[in-house]
Amino acid sequence: IDMCAEGTGSSSSVWWDSAQLEEGETANHVNLIENGRMTRTGSSGLPDRWLAGPNSDNYLSWLARASCTETMPDCVSGDVLHVGGRYDRTVKAYQDINVKGNTGDRLSVGGWGSSFTREPDDINWVDCQIYLLFSTGQDSDWNNWTYGGEVNFHHAEHGWQFPCGNITAPMD
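So in the numbering used here, the last one in the sequence shown is 1542, and the numbering has no gaps at all.
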């Protein structure tokens, strides 16, 4: 499974923290994401275990709480993945998650995030979402992955929110 945090159609920033992916339809104590709290042990680069999507390197960064321009809720750890929005491209960070399962398995996904979003329309849209892609093996070609589902920011709420929801695995 690839879990992706994405911002599309905006020049504004998206801030991510506390990403979760759990088996079942309700929250439990086993997070399948490594480093959902966005910590970083190195002196530069993305949070540990997170990778930059195609054409995204220059628009992703790690920031400590003091550097984030958005006031964070107390429950957010303080380290964030910053996604610099672009009108001309999709910017995403992702993590490969090696799990075994069956078609129809239910997963619960969510994470804290902050950004400006809009209700989609035919002309303009600003979209911030968490989505899952499924593959039968290690495959770096994004065209060979199967879309599993998404959890979107609520367009009427601005600032920090916790988008979450259930996704059904489309394949074994």
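The C-beta atom is built at its ideal place from N, Cα and C for all residues, glycine as well.
Next item on the list: Counting only the same chain and skipping the five closest in sequence on each side, list residues whose C-beta sits under 8 Å from that of Gly1481.
Entry: Ala1375, Trp1386, Asp1387, Ser1388, Ala1389, Gln1390, Gly1406, Ile1500, Phe1532, Pro1533 and Cys1534
Check: Whose C-alpha, out of Ser1484, Pro1540 and Trp1515, is nearest the C-alpha of Asn1522?
Finding: Ser1484
Check: For Asp1449, which residues of its own chain have a beta-carbon under 8 Å away from its beta-carbon, when the five flanking residues on both sides are left out?
Finding: Asp1387, Arg1407, Met1408, Thr1409, Arg1410, Pro1417, Trp1432, Leu1433, Ala1434 and Arg1435
Notebook entry, point to check: Around the Cβ of Cys1498, are there at least 16 other Cβ atoms within 10 angstroms (buried) or fewer (exposed)?
Noted result: buried
Note to self: Taking its Cβ as the centre, do 16 or more other Cβ atoms sit within 10 Å of Tyr1517, making it buried, or is it exposed?
What the structure shows: exposed
Next item on the list: State the beta-bridge partners of Val1384 as determined by DSSP.
Entry: Val1453
Check: Between the beta-carbon of Ala1463 and the beta-carbon of Gly1412, is there less than 8 Å?
Finding: no
Check: Looking at Val1453 and Val1461, is the spacing between their C-beta atoms short of 8 Å?
Finding: yes
Note to self: Within a Cβ cutoff of 8 Å, which residues of the same chain sit near Trp1515, ignoring the five residues on either side of it in sequence?
What the structure shows: Asp1372, Leu1503, Phe1504, Ser1505 and Asp1509
Margin query: Please classify Glu1404 as buried or exposed, where buried requires at least 16 other C-beta atoms within 10 Å of its C-beta.
Written below: exposed
Notebook entry, point to check: Can you list, in chain order, the residues of its chain whose CB lies under 7 Å from that of Ile1622, leaving out five sequence neighbours each side?
Noted result: With the chain covering only 1371 through 1542, there is no way to say anything about residue 1622.
Margin query: Can you tell me whether Asn1428 is helix, strand or coil according to DSSP?
Written below: helix
Item checked: Proximity to Gly1455 [Cα-Cα], best of Leu1421, Ser1383 and Asp1427 -> Ser1383
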